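Visitor:
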Amino acid sequence: MHLKSYAKLSARLKIRIAYLVEPNDQNAAFWMSLYQELFPASEKPAWVRVVTAVGDLENYISDLCVPNHIHYSMAAAVSALGCRDIILEKPSVTNMDELAGLSRLKANIFLQENYIHSDVVKSVEKIMHLYNIRVNNMRFVFSKDRTRDSAEGRGFTGHEAPHNFMVELPHSIALAYYFLGQGNCTYAATKNMILCDRILPKHGEGTIIFSHKGVLSSHYSNLQQESRERFITVSGEDIRGVKFKIQGEFAKISDDLIGKVDLYREGQLLHSERMLDDSLTNSLYSILDADSPCNFSFLYASTKHIFEAIQYEEYQEASEKFENQLGRS
Ligand SMILES: NC(=O)c1ccc[n+]([C@@H]2O[C@H](COP(=O)([O-])OP(=O)(O)OC[C@H]3O[C@@H](n4cnc5c(N)ncnc54)[C@H](O)[C@@H]3O)[C@@H](O)[C@H]2O)c1
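Just so we're aligned: 48 in numbering that gives the first Met the number 0 is position 49 of the sequence shown, and the numbers increase by one with no gaps anywhere.
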């Protein structure tokens, strides 16, 4: 996906892909053939299996499109080779220790969070400003059918499936932080994913609620939902108390890239708009053009929210267990 976006950006930005670091021969061959298709006139990047084979990275940007559990070690490795600019996919790290480790690296680290750069989000923001809407709450749904990937162990750490909050909800948590700032977790719960022969704990379904100084954001992700669904609903009112609802549907990245925004006033549809929503290309452009809001402080704060939600659920479960034990004794 990143390579396709770089191809779209090649006319706007002077960039050259110098190296592909890929330990898997099949994946490297696939990537190289896509490269040839997208950049027919350009020399192929050098392919190495391990990043240390590249040598000095002082004048390079590293775009780390690797599984989450090696983000931190890869970022540390490229930083040790002198790399000063690193792009990290979401979720940037898998625990707070790694997040603290990232903060110690001597590099500019950007979070590739495409939804912040979505034209659907830009349209929602424009409407909020135009009608002077004060937000009462925001609802985010990021669901899809991940059962096949999960059955094949995609994104697993060893045999462990990623926590539901680490798959799709990093997008919505980043969006809530972008719109509403710092939040405190007030509810977090997950359900297991049940495959025919396996139970994947805390992987199937997740719900989180944050309070951002009294404004609520709710986040829901079902990874066993047959049809893919990604939307944001903003509910609020203007200074006279007129109620507004903005519904933004994100484009399906690998599909037609068409997003949609509907505006309702007092329950009546007032405006509806469709737009090209190539958020990944926008995101990479804004990072490479040094104009991205998703800098390290954004990455740190939004990622911390994910771990706070995970801890909140653990705390709730521990309290319930304790109360049950008390009840039985
Ligand atoms: N922004 C989005 O919408 C979005 C969508 C999907 C995935 N992602 C993120 O993209 C990242 C990659 O996800 P994925 O599902 O493509 O992962 P993946 O498991 O398919 O791995 C990606 C590639 O990394 C390679 N790799 C593994 N170990 C490596 C190493 N040590 N050095 C170099 N390369 C190595 C693999 O061979 C593979 O080609 C994750 O962080 C994921 O969360 C983001």
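Think of the CB as a built atom: it goes at the ideal place given N, C-alpha and C, for glycine as much as any other residue. Because the structure is a prediction, the values reported are computed rather than measured.
Taking the runs of the beta strand (DSSP E) that are 3 residues or longer, which of them lie wholly in the segment 249 to 303?
Guide: Fully enclosed beta strand (DSSP E) runs of 3 or longer: 257 to 264 and 267 to 275.
Visitor: Using a threshold of 7 Å, is the CB atom of C293 nearer than that to any non-hydrogen atom of ligand 3?
Guide: Inclusion of ligand 3 in the displayed structure is not the case, the ligand content consisting of ligand 1 alone.
Visitor: Quick test of the definition: if touching needs 3 or more C-beta pairs under 8 Å, does the segment 189 to 196 touch the segment 104 to 119?
Guide: As far as the Cβ criterion goes, the segment 189 to 196 does not touch the segment 104 to 119, which means the pair count is below three.
Visitor: Counting only the same chain and skipping the five closest in sequence on each side, list residues whose C-beta sits under 8 Å from that of G180.
Guide: Counting only Cβ-Cβ distances below 8 Å, and skipping sequence neighbours, we find H211 and K212.
Visitor: What does a CB cutoff of less than 8 Å around A76 pick up in its chain, not counting 5 residues either side in sequence?
Guide: Excluding residues within five positions, the ones whose Cβ falls inside 8 Å are V50 and T51.
Visitor: Give every residue of the same chain whose Cβ lies closer than 8 Å to the Cβ of A300, excluding the five residues on either side of it in the sequence, and list them in chain order.
Guide: Excluding sequence neighbours, A300 sits near Y176 and Q181.
Visitor: P200: which of S217, A160 and E225 sits nearest, CA to CA?
Guide: Residue A160 is the option with its Cα nearest to P200.
Visitor: Give me the Cβ distance between L19 and P44, rounded to the nearest whole Å; I'm assuming they're in contact under 8 Å.
Guide: L19 to P44, Cβ: 5 Å. Contact.
Visitor: For ligand 1, is there a heavy atom less than 7 Å away from the beta-carbon of G258?
Guide: No, since every heavy atom of ligand 1 falls outside the 7 Å radius drawn around the Cβ of G258.
Visitor: Is H116 near S285, with beta carbons less than 8 Å apart?
Guide: In this structure, S285 lies closer than 8 Å to H116 by Cβ.
Visitor: Between which two residues does the beta strand (DSSP E) holding G240 run?
Guide: Counting along the chain, G240 falls outside any beta strand (DSSP E), and DSSP gives it neither H nor E.
Visitor: Any chance you could list the beta strand (DSSP E) runs of at least 3 consecutive residues sitting entirely within the segment 16 to 100, in chain order?
Guide: Within the segment 16 to 100, the complete beta strand (DSSP E) runs of at least 3 residues are 18 to 20, 45 to 47, 60 to 63 and 84 to 88.
Visitor: Could you please give me the residues that DSSP links to R138 through a beta bridge?
Guide: Its beta-bridge partners are S217 and T232.
Visitor: Taking 7 Å as the line, does the beta carbon of N26 fall inside it for any heavy atom of ligand 1?
Guide: N26 Cβ: within cutoff of ligand 1.
Visitor: Using DSSP with H/G/I as helix, E/B as strand and the rest coil, what is D196?
Guide: In the structure shown, D196 sits in coil (DSSP, three-state: anything other than H, G, I, E or B).
Visitor: Taking a contact to mean a Cβ-Cβ separation below 8 Å, would you say Y263 touches F249 in this structure?
Guide: Contact: no.
Visitor: Can you tell me which residues form a DSSP beta bridge with A188?
Guide: DSSP, once it has assigned bridges, lists T206 as partnering A188.
Visitor: Over the uninterrupted alpha helix (DSSP H) stretch that includes F178, give me the two end residues.
Guide: Start and end: L168 to L179.
Visitor: Using the rule of at least 16 other Cβ atoms within 10 Å of the residue's Cβ for burial, across every protein chain shown, is T185 buried or exposed?
Guide: With fewer than 16 Cβ atoms within 10 Å of its Cβ, T185 is classed as exposed.
Visitor: When burial is assigned at 16 or more other CB atoms within 10 Å of the CB, is M137 buried or exposed?
Guide: Classification of M137: buried, given that the 10 Å Cβ count is 16 or more.
Visitor: Would you grab the beta carbon distance between V123 and V241 for me? Rounded to a whole angstrom, and I think it's under 8 Å.
Guide: The Cβ separation is near 18 Å, so there is no contact.
Visitor: How would you write the range of the alpha helix (DSSP H) that I126 sits in, first residue to last?
Guide: Start and end: D118 to L129.
Visitor: Taking only three categories from DSSP, how would you classify S9?
Guide: If DSSP states are grouped into helix, strand and coil, S9 belongs with coil.
Visitor: So, is E167 buried or exposed, given that buried needs 16 or more other C-beta atoms within 10 angstroms?
Guide: The residue is buried, with at least 16 neighbouring Cβ atoms inside 10 Å.
Visitor: Look up T146 in the DSSP assignment and give the residues it is bridged to.
Guide: T146 is not bridged to any residue.
Visitor: From this set, N163, H128, C64 and L129, which residue's C-alpha is nearest R145's C-alpha?
Guide: Taking only the C-alpha atoms, the option nearest R145 is N163.
Visitor: At a threshold of 7 Å, does K7 count as lining ligand 1 (C-beta to nearest heavy atom)?
Guide: No, Cβ of K7 sits at least 7 Å from all heavy atoms of ligand 1.
Visitor: Tell me whether C195 is buried or exposed, calling it buried when 16 or more other Cβ atoms sit within 10 Å of its Cβ.
Guide: The residue is exposed, with fewer than 16 neighbouring Cβ atoms inside 10 Å.
Visitor: So, helix, strand or coil for S226, using DSSP?
Guide: Three-state result, S226: strand.
Visitor: If you measure between the beta carbons of M73 and L63, is that distance less than 8 Å?
Guide: In this structure, L63 lies closer than 8 Å to M73 by Cβ.
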